[in-house]
Structure formats: structure tokens, C-alpha cells
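Asks: Pasting in a structure now, in C-alpha cells, and then I'll have a few things to ask.
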Amino acid sequence: MLEKTYDPSAVEGRIYAAWQEAGAFRAGAGARPGAGSFTIVIPPPNVTGSLHIGHALNNTLQDILIRFNRMRGKDVLWQPGTDHAGIATQMIVERQLMERQEPSRRELGREKFLERVWAWKAESGGTIINQLKRLGASADWSRERFTMDEGLSAAVRKVFISLYEKGLIYRAKRLVNWHPELETAISDLEVENIETQGKMWHLSYPIENSSEAIVVATTRPETMLGDVAVAVHPDDPRYKGLIGKYAILPLVGRRIPIIADDYADPDMGSGAVKITPAHDFNDFEVGQRHHLKPINIFTPDARINANAPKEYRGLDRFEARRKVLDALEAIGAVLWAEDKTIMVPFDEKTKRVVIEPFLTDQWFVKAEVLAQPALASVREGRTRFVPESWQNTYFAWMENIKPWCISRQLWWGHQIPAWYGPRMNTDPDFGKPEAGMKIFVAATEEEARKQAAAYYGRQIEMHVSGVGSAAFLKAVGEFETIQRDRLNPSAWNLRKASDPFAELSDSKVPLHRDEDVLDTWFSSALWPFSTLGWPEETPELARYYPTDVLVTGFDIIFFWVARMMMMGLEFMGKEPFHTVYVHALVRDEHGAKMSKTKGNVIDPLNLVDEYGADATRFTLAAMAAQGRDMRLALARVEGYRNFVTKLWNAARFLEMNGCARKATFAPNRVDLPVNRWIVGATAKAVAAVQKAIEDYKFNEAANAAYDFVWGLFCDWYLELAKPILNGDQEAGKLETQATAAWVLDQILKLLHPFMPFVTEELWSETGKSGPPRDRMLVLSEWPMLTGLGDPAAEAEMSWLIEVVSGIRSVRQEMNVPAGAKIRLVIVGAGEETGTRVEGQLQALLRMARLEDISYGSDVPDGSAQIVIGEATFALPLKGVIDLDAERVRLKREVAREEVEIGKIDKKLGNEQFVAKAPEDVIEEQRQRREEAGARLERLKAALARLS
RNA sequence: GGGCGGUUAGCUCAGUGGUAGAGCAUCUCGCUUACACCGAGAGGGUCGGCGGUUCGAAACCGUCACCGCCCACCA
């Protein structure tokens, strides 16, 4: 016997364990021949993260697709795993060290520090996976992968080397977005420009050998220490005469040329722009066009460096701004300042640290090349976005894609497989200032040594360095780039930058591995095939690549989706998935983004604790309408928790009424109209849910299931079944018991993808009576219901529902006591009504609370009257009802009908409508007009009887 | 500056050319042992404004307003 209410917390853990025990989530579990495969790779959450509401939504939708397809017999793989999340994880561990007052990362050194990160990963890495399990995620956990697993690391190295050899990865000195606290490059995408109240200062630079001055405007006056030119527009008449002359940079005294460049906009400010190539992306390009050497004035932690006058060195950038302004004001070089709203680049995560354009050597991927096939795939429909409009976002970004900076000055991540050594003096690039070090890219140190040996000649022994790269580079090469120059350069005895080879011994060449690691997204980009074993040619790779659907939030279309497309096409020759389903962002119920600082975060695990995983999942699915953010209101979760209970109680009702499954039950062979009707309705519901899932309309699927189960099955079918189940017609009773049990089975299947726990539990409980279940619900077959449905039964039941509803409505409105049984007199009934009344007698009596039903030729005095079809249903309530109230009610009905008729007549009276509208629409209107007209007449007659 | 999305009942949202919907909330009534996490009934919307296309518009087009998001180098 089922308990009175369902207690998720008592059931979910046990059910989940049973699924795992049964191997139900294993790749290919329950697969039936010929059904094809279905694969999803999970967007790997950060290994040390914890589940937030976005994950809950993301994984619920994936699990719905996975469970649905598994039930359809497909060879299903949901590939799970976690991401090492370079910056985030390293930061967490660094913060821990600080909080525990332990030695810092640099004090520990690379090796020790990485040990600490691995330890932290071991400690907290399982958290999010366990949380996903609590949600019911049915991924194949036996195949769990981590982006820094050996296999995935091998894939990363292979990809890096391959792209390098094709010239699609290169190393270059470029301006990048630099995080001065973390001291690493970050992605353009990790920078958030925030409107900030700032100032614009207008500075006057004197012209050399002249009393004139040129005025430039800037929001960052401290960067003037690095100015190398002033640019004016070539056609600007105000400055024509100054082009080619020099200005003298105040405070610094540097002669800087006045150059002509289109970049200077005559309409902006004074029309003259200071050029600081080392600290501004535009200025960098201007500098390149005019062969101006950038002057970097910052250290990696954004303090003023030795390229600036002494008095500013060591100041941080904001102190420096103050001091520069003071000094400029003192000499009268600040003409005026104005308040201005400016966009300041902050780091996206903390929104606290101002990001600095910074000149460094970094590795880049030629994304502009890899993007072409990835664009074509979407343009030509081999991969599509759902909803489609996201493809525009994808196009816009891919068409303007910039080189992808893939190196990060971090320790936690995939260390770049590149080794540096000095250039031979026989090297064609030897001595060229921009040539830099000789680079050996290889999968292993061994391989790098081999390459180096070939380059330097066999007689030379390699010496692989252990010192910091900056020190090494500084010692060996001509590098003015700032790379952690606080490290001690004396570790190497190589002093002559102009001739780095000079002091090397004959027997030893220093070879030094690049210390940087790859952007986390570099390894994530390989996820759809690296997790399947690539570069090995595994059976899984053959079976499951390309995957089917990628389910993700729009925020990582650029970071991840685009890059998986590029890498998948480059290395597998095929798109990694045919569909990208982009779901909404979850907001709080007032539309605000959830954030810890706002305190409006809804923790999905709290929802699971309070309402159960099924209710949580169902809510997320029901709100996942395409193309719109969802606002999550607790009332919704509560409502769907109630739905779970409702389902539970329906099952309990069946159990109490002996509704056990029958092995021989054939839904197409039931006799009673009510059973024929529910069987057809079940088939319709299954079809609706299936279609909606296939269209990725999760909300429609959820609602269709909800409406069917609650609104039809519970509210009507079970109520209609009661008199039969309690009656003495044995055949009808048996049929109804079997039908009800059969419908419940279909419902459990229908709901299983959305509410796996309660449905599995009920599947097991209901399996205790009737023939034994041959498998768990999770591996059961999705219903294939065809050839069911009976228009006559449907019409009869619709009629019944209309009659019952009509009587109930009148009873309530006329204040008939709920407990009172009343008589019903049917006037003007035709044959059909008669048959129906006879067939549904018990249902009518019970559901409308009737004493008896009779037929009459006249409406009894003082009756309330309801017009349905050709008949008038009279409730003789003389003395019970207020006749005035009944008149009012009928008048209202009449008015309503007249409005309806007015509308239809207007349409049908419109020649254009009759001429142009499709025939079936016109016919429908005529039909409705006829029915409304007849109803109106009867209503008027009913009214007349009362006056 | 460019782009995208939104504006429908008190709230949260469905609804892509043919009778305006759901859940929650509100009000009324609860006889009926599946369920009060329930049942029955009711009220509540000129579908943001204006213009257009169409026989017909919440839906399609244009425009405006407001809200949100994404992208962008304007000193």
C-alpha cells in the first residue's frame, strides 16, 4: 500500500542507487537494434565548483533528452566530466593559502603549488558531480573525464603541435588584456566594459622650437609618460603645418613626432590624439603603421617602470595619474578637464580590477582561418541553433573573429609544449630584433631535445632549464617585453643580448620550456572528441562522434560553442553536433540576475531538499520557453510539487481500487466510451509530449503532460471511473481497472524524462500487482500508440463534461447547497441525448449530484435551465432558487450569445470574407452561427418561461 | 554607435493569421475516505502606443515609448 504522501527525500537516494546498480546510465544501456545513437557531451562544470541554478536547468534539459532517447531505444551516451578552469581554480587555492597564512604560490614554487591544486581537486572535485546526481542526471559516470586527464592532455598536445606545424598557432608580441593582479593575459571575452564616471583632461604639448602648442585630450593622463607621437588627420587644415614637426612631451622631455593618420578624427576633441602604442589598442595599430617603437611604462602589476622618469617609478597607475596631473598642472599643461562617462575595462569575474592593455609575448591561434569552415557549417545548416536567432550572434562574432590568445601566465593548466633556445648565428633570422628565441614545439621533452639537437648539431648537449622563463629570455634574447622581471636574472651566465650564443659552452645549449599554460577553453574546445578517446581511434569515437545536441547557455556561445565547432571541423572533419540548443538565463522572480551580493540566489539543492528533485526539474522544464529568460518563482516549484503528489495519489487511488495491470490488455479493444475516450486521449498526450521534446519545446512538453495527467486523467477520468469501479457491472469494472492501470503506465513513461524519481518509484510499486515488470522504468520503452481514438466516444465524453459542468455552475450560482441532491428534467432531448444520458446515467447522477433524471415536454415551473445541444436541461428548484437571480443569469447568457452571433454575422456578412477566406474557415463560422443561433433561441425561451 | 530580445489577467508566463490561455494569487462553496500539496464554481485582459498589410492581427510589416541583454577602438 502506498503511503499517503510521497516523500522525495526518502526515495530519491535509493532509486538513484538502483539505477546505477542496474547500469542504466551506461553507454548503450537498453539500446535496441536499429534505433541509432544519441549523444550529448555535458558542458563540463568547473571541477571545484558547486551546482547553481543555471547548471540545474542545463542538466535537467539534457537529462530529459537523454532519458527520452534512451526509452526510445537509442544507443545513448551522456558523456560527463569536469573542467580544470585554470584561473578560477588557481585563484581559489591561492586564496586558501592566504587565508591559512601559508606560503604564497611563488614562495611554494610551481611543483609544490600544483600539488596543492591537485589536492584541492581531489578534495572538492566530486562535489558538483554528486550534486548533479541528486538532480537525477543519468550520465554515464563510468566515463567521467577531466580536462587534465592524461588522455585529454595528450589530445591537447597533439592539437597544439598540429596547429603549430600548420602555421595556425604562432607566438607574437602583441597588446593583450592583462590582469594586473593575477599577472596574466586574459581573453577579450573576460573583459567587461563598465560605464564609469570619469574625466577627460585636455593637455597642451609644446611644439619644438616654437611658441605653439598642440592640444590632446585623454581620460588616462598617466599614459602620457609612454607617448611616442601625436596624430592628426592628414586633411585637417588646423594641423597641416605641424605634420612632420615635433612636440616635446612634458614631464619626460621626449621629442615626439606629429604624424598624419586617418585615425585622428577632426571632429573629436581637439582633433589631435596622443599616441601610446604600448597601452592602447588603437594606438598600437597607429604605432605599427608609422614604425613607432612602443614604450611600455608599466610593470606587470601595473606600476610605473623604469621607462618613466624616476619620480614616478613604483607608483601604481592611479597614484601615478594623480602625480602626473599635479605635475602637468604645475607647469600649466592642463588646459581644462571635463566630466565624462567613460567605459572602463574591468575583469568580468570580480568587476573590481581594471584590465590593462599590455604588451607581451603570447601564443595565438589563427581563429580567423579556423572560423571559415565553422561559419560554413552553420550557414549551410549542418549545425543549427535552436532558437534560430542565436545563429546571428554566432555569425556576428565569427565573422569578426580576432586571433585567439591562448597562453595564460598561470600554473594550473596544460603547460604549453614549447621549448626555447638561443638562435644559431647561421639561422636566417639570427639577429633580427623581432625574431626572438628559437622555438621547438613537441609533445615531450625528449622530442624537443631531438629537434634541438638537429638544429644545433649533434655535438651539443641540451640543458633543460629550470629557471623562470622571464629570466631565461632576458638573459638569452633581446626581449624588452615585460615578463615577471622581478625574478632574478643572474641564474644564467648569459649577458650579451646582442650575441646570445657567444658565451655558451660548446657542450651545453640551454633549452627552456615555456612556463605558460593554455587557456582553459583550448582543452574545452576538444571536449566532444577528446572525451571519446581521440587521438586514439576508439570504438566510442566511431560510435558517438559526431554528437547530437549541445545544450548550453548563450553566455558561452563564443567561449565554447564556436571553438568546439572550429576544432571539431579541423580535427574530426565533422561538426561536433548537429544542433545547439541555447537555453535561457535563470533570473529571480523579479527579473534580476541572481548574484551572491544581491542575496537573491536560489540554490537548486535547497529546492531539491524542500520540494524534491522531480518538482525542481519539472519547474525548470516547464519554464524553459525558447527565446526568453526565465524568472523563477517559488510558487511554481510548489505548484509542481503538488503535481507530484497528485500523481502519487492517483496511483494510490488505482491501487485502492484494484486497478492492476493485465498482461493481455489491448487498448484498442476496450468497449466503454469512457475507456475508449481515455485511451485515445492518452495517445494524443503521448504524441504531443513527444513532438514537443523533439522540437526542444520543453515547456510545451511539460504542460501537455501536466494538463493530461491532472486536468483530464485525474479530474475527469478517475471521477467518471468511480461509479464504475464501485458498481456491480463486473465486465465494465474489470475493463476499467485494466484501462486505468494501463493509462497510469503510459503516464509514468510520459513523465519519466521530467520526473524520474517518483515515476520510477511508482513503476516499481505498481509492479507489485499484476504481471511482473521486466525492466526498470528508466529502461522501459517509450509508448508507441497508434490507431487509438474514437470520435464518437470523444463526442460523448465532451458532452458529458459539458452537462456536468453546466449543472455544477448553475448549482453554485443559484446557491444550491453542495450536499443537496436535485432532480433533472430534460426537455427536447433527441435520440442522441437520450442514448448518452442512458449510457452515462451513473456518472451524471454522481458528478452533478442529481437525485434522478427524467424527461419532460415542458420545463417545470421555477426551474433553472441549461441549454446544451438540442436539449434544455431543467433543474426544478422552485422555492430554492431566486427567480430574479436566474433571470439575470439567463440574460447574461443571452447577451453573451448575442455578442457572439453579432461577431459571426459581421464576418459572414462581409463579402470579402466570404470571397477570400478559406472554405473550411467559412464553414466553421457557419456552423458556429447555427449552433449559437439555436442556443440563443432556447435561452430566450428559457427566459420567457420565467416571466 | 550596431545588434538581439521583451512589453498579454494582480504576479510569473504560454500562445507565429481564424472563438484570448495556464499556474499562482483573489472571491464563493465544499456533500463526495485517492489527494486540503485537494475538489467544485466565479471574477479578472480595448494582448505597450500609433500607423500599415489582410476578408480577418496578440501574432506579419513600419514607427515610437519603456525595460533587459550582447557587441563595439571613438581620444
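Heads up: the first sequence is residues 488 to 1434, going by our numbering. Think of the CB as a built atom: it goes at the ideal place given N, C-alpha and C, for glycine as much as any other residue. No experiment lies behind these values; they were computed from the predicted model shown.
Taking the DSSP output, what are the residues bridged to residue 526?
Replies: Position 39 of the first sequence, counted from the first residue, corresponds to residue 526. In DSSP, residue 526 forms a bridge with 564.
Asks: Taking all protein chains shown into account, do 16 or more other C-beta atoms lie within 10 angstroms of the C-beta of residue 1352, making it buried, or fewer, making it exposed?
Replies: The sequence position of residue 1352 within the first sequence is 865, counting from 1. When all chains shown are included, residue 1352 counts as buried.
Asks: Considering only the beta carbon of each residue, do residue 554 and residue 1239 sit closer than 8 Å?
Replies: Here the question's residue 554 lines up with position 67 in the first sequence. Here the question's residue 1239 lines up with position 752 in the first sequence. Result yes, Cβ atoms of residue 554 and residue 1239 sit closer than 8 Å.
Asks: How is residue 1019 classed by DSSP in three states: helix, strand or coil?
Replies: Your numbering for residue 1019 matches position 532 in the first sequence. Note: residue 1019 maps to coil in three-state DSSP.
Asks: Output the residue ranges of the beta strand (DSSP E) runs that lie fully inside the segment 1314 to 1350 and measure 3 residues or longer, sorted by chain position.
Replies: With a minimum length of 3 residues, the continuous beta strand (DSSP E) runs that stay inside the segment 1314 to 1350 are 1337 to 1343.
Asks: Expressed to the nearest angstrom, what Euclidean distance is found between the alpha-carbon atoms of residue 1347 and residue 1410?
Replies: The residue you call residue 1347 lines up with position 860 of the first sequence. The residue you call residue 1410 lines up with position 923 of the first sequence. Residue 1347 and residue 1410: Cα-Cα distance of roughly 37 Å.
Asks: Which word fits residue 711, buried or exposed, when buried means at least 16 other C-beta atoms lie within 10 angstroms of its C-beta?
Replies: Position 224 of the first sequence, counting from 1, holds the residue named residue 711. Burial call: buried.
Asks: Spatial neighbours of residue 967 within its chain, please: CB distance less than 8 Å, with the 5 preceding and 5 following residues excluded, ordered by chain position.
Replies: One-based indexing of the first sequence puts residue 967 at position 480. The predicted position of residue 967 is uncertain, since its pLDDT is 32 and thus under 50; a value taken from the coordinates is nonetheless stated next. Within the same chain, residue 967 has close Cβ partners 783.
Asks: Does the segment 897 to 912 touch the segment 610 to 619, meaning 3 or more C-beta pairs lie closer than 8 Å?
Replies: The segment 610 to 619 vs the segment 897 to 912: no contact.
Asks: Roughly how many angstroms separate the alpha carbons of residue 694 and residue 663, rounded to a whole number?
Replies: Indexing the first sequence from 1 puts residue 694 at position 207. Indexing the first sequence from 1 puts residue 663 at position 176. In a straight line, the C-alpha of residue 694 is about 32 Å away from that of residue 663.
Asks: Assuming residue 464 contacts residue 1005 under a Cβ cut-off of 8 Å, what Cβ separation, rounded to an integer in Å, is found between them?
Replies: The shown model of the chain, from 488 to 1434, leaves out residue 464, and the question about it has no answer.
Asks: Between residue 1276 and residue 1421, how many whole angstroms is the CB-CB distance? I'm expecting something under 8 Å.
Replies: In the first sequence, the residue the question calls residue 1276 occupies position 789. In the first sequence, the residue the question calls residue 1421 occupies position 934. Actually they do not touch by this definition, with Cβ atoms about 28 Å apart.
Asks: Closest to residue 562 by C-alpha separation, out of 807, 516, 590, 605, would be which residue?
Replies: In the first sequence, counting from the first residue as 1, residue 562 sits at position 75. Nearest option by C-alpha distance: 516.
Asks: Quick check for students: name the residue ranges of the alpha helix (DSSP H) that lie wholly in the segment 837 to 922, counting only runs of 4 or more.
Replies: As far as the segment 837 to 922 is concerned, its whole alpha helix (DSSP H) runs of at least 4 residues are 854 to 866, 877 to 886.
Asks: Going by beta-carbon coordinates alone, are residue 905 and residue 846 separated by less than 8 Å?
Replies: Counting from 1 along the first sequence, the entry for residue 905 is found at position 418. Counting from 1 along the first sequence, the entry for residue 846 is found at position 359. Not closer than 8 Å, so no.
Asks: Could you give the residue range of the beta strand (DSSP E) that holds residue 927?
Replies: One-based indexing of the first sequence puts residue 927 at position 440. Residues 925 to 928.
Asks: Leaving aside the five residues before and after residue 1180 along the sequence, list all residues of the same chain whose C-beta is less than 6 Å from its C-beta, in chain order.
Replies: Along the first sequence, read from residue 1 onward, the residue named residue 1180 stands at position 693. Contacts found: 555, 1188.
Asks: For residue 790, tell me which candidate among 797, 717, 807 has the shortest Cα-Cα distance.
Replies: Here residue 790 refers to the residue found at position 303 when the first sequence is read from its first residue. Of the listed residues, the one whose Cα sits closest to residue 790 is 807.
Asks: Please list, in chain order, all residues of the same chain as residue 673 whose beta carbon is under 6 Å from its beta carbon, the five residues on each side excluded.
Replies: Against the first sequence, residue 673 aligns to sequence position 186. Counting only Cβ-Cβ distances below 6 Å, and skipping sequence neighbours, we find 664, 666.
Asks: Quick one: what's got a C-beta closer than 6 Å to residue 1335's C-beta in the same chain, skipping five residues either side?
Replies: Translated into positions along the first sequence, residue 1335 becomes position 848. The residues are 1291, 1294.
Asks: Quick one: grab the DSSP three-state call for residue 691.
Replies: To locate residue 691, count along the first sequence from 1; it is residue 204. In the structure shown, residue 691 sits in a strand (DSSP, three-state: E or B).
Asks: Whole angstroms is fine: what's the gap from residue 1444's alpha carbon to residue 642's?
Replies: The requested residue 1444 is not part of the displayed model; the chain covers only 488 to 1434.
Asks: To the nearest angstrom, how far is the alpha carbon of residue 860 from that of residue 878?
Replies: Numbered from 1 along the first sequence, position 373 holds the residue referred to as residue 860. Numbered from 1 along the first sequence, position 391 holds the residue referred to as residue 878. Going by the C-alpha atoms only, they are around 15 Å apart.
Asks: Out of 750, 1041, 1039, 1054, which has the shortest C-alpha to C-alpha gap to residue 1021?
Replies: One-based indexing of the first sequence puts residue 1021 at position 534. Taking only the C-alpha atoms, the option nearest residue 1021 is 1054.
Asks: To the nearest angstrom, how far is it from the Cα of residue 1460 to the Cα of residue 1232?
Replies: Residue coverage of the chain in this structure runs from 488 to 1434, which leaves residue 1460 outside it and unanswerable.
Asks: Let's test the definition: count the other Cβ atoms within 10 Å of the Cβ of residue 818 and tell me whether it reaches 16, buried, or not, exposed.
Replies: For the purposes of this step, residue 818 is taken as the residue at position 331 of the first sequence. Classification of residue 818: exposed, given that the 10 Å Cβ count is below 16.
Asks: Anyone know if the C-beta pair for residue 1070 and residue 676 falls short of 8 Å?
Replies: Position 583 of the first sequence holds residue 1070. Position 189 of the first sequence holds residue 676. No, the Cβ-Cβ distance between residue 1070 and residue 676 is not below 8 Å.
Asks: Could you tell me the distance, in whole angstroms, from the CA atom of residue 601 to the CA atom of residue 679?
Replies: Numbered from its first residue, the first sequence carries residue 601 at position 114. Numbered from its first residue, the first sequence carries residue 679 at position 192. Each residue's alpha carbon lies about 29 Å from the other.
Asks: Can you check which of these residues, 610, 550, 568, 559, is closest to residue 579 by C-alpha distance?
Replies: Taking the first sequence and counting its residues from 1, the one referred to as residue 579 is at position 92. Considering only alpha carbons, the answer is 610.
Asks: For residue 887, count neighbouring Cβ atoms within 10 angstroms of its own Cβ and tell me buried if that reaches 16, exposed if not.
Replies: Numbered from 1 along the first sequence, position 400 holds the residue referred to as residue 887. Exposed, because fewer than 16 other Cβ atoms sit within 10 Å of the Cβ of residue 887.
Asks: Could you tell me if residue 1017 is buried or exposed, where buried requires 16 or more neighbouring beta carbons within 10 angstroms of its beta carbon?
Replies: Residue numbering aside, residue 1017 sits at position 530 when the first sequence is read from its first letter. It counts as buried.
Asks: Report yes or no: do three or more beta-carbon pairs, one from the segment 1149 to 1160 and one from the segment 1211 to 1225, lie closer than 8 Å?
Replies: Enough Cβ pairs lie closer than 8 Å, so yes.
Asks: Using DSSP with H/G/I as helix, E/B as strand and the rest coil, what is residue 1269?
Replies: If you number the first sequence from 1, residue 1269 lands on position 782. It is coil, neither helix nor strand.
Asks: Give me, in chain order, the residues of the same chain whose beta-carbon lies closer than 7 Å to that of residue 1211; leave out the 5 immediate sequence neighbours on both sides.
Replies: Here the question's residue 1211 lines up with position 724 in the first sequence. Result list for residue 1211: 1219, 1220, 1223, in chain order.
Asks: Have a look at 736, 754, 773 and flag the residue whose alpha-carbon is nearest the alpha-carbon of residue 747.
Replies: Indexing the first sequence from 1 puts residue 747 at position 260. It is 773 whose Cα lies nearest to the Cα of residue 747.
Asks: Taking 8 Å as the cut-off, does the segment 488 to 497 touch the segment 1137 to 1147 (at least 3 CB pairs, one atom from each stretch)?
Replies: In short, these stretches touch, since the Cβ pair count reaches three.
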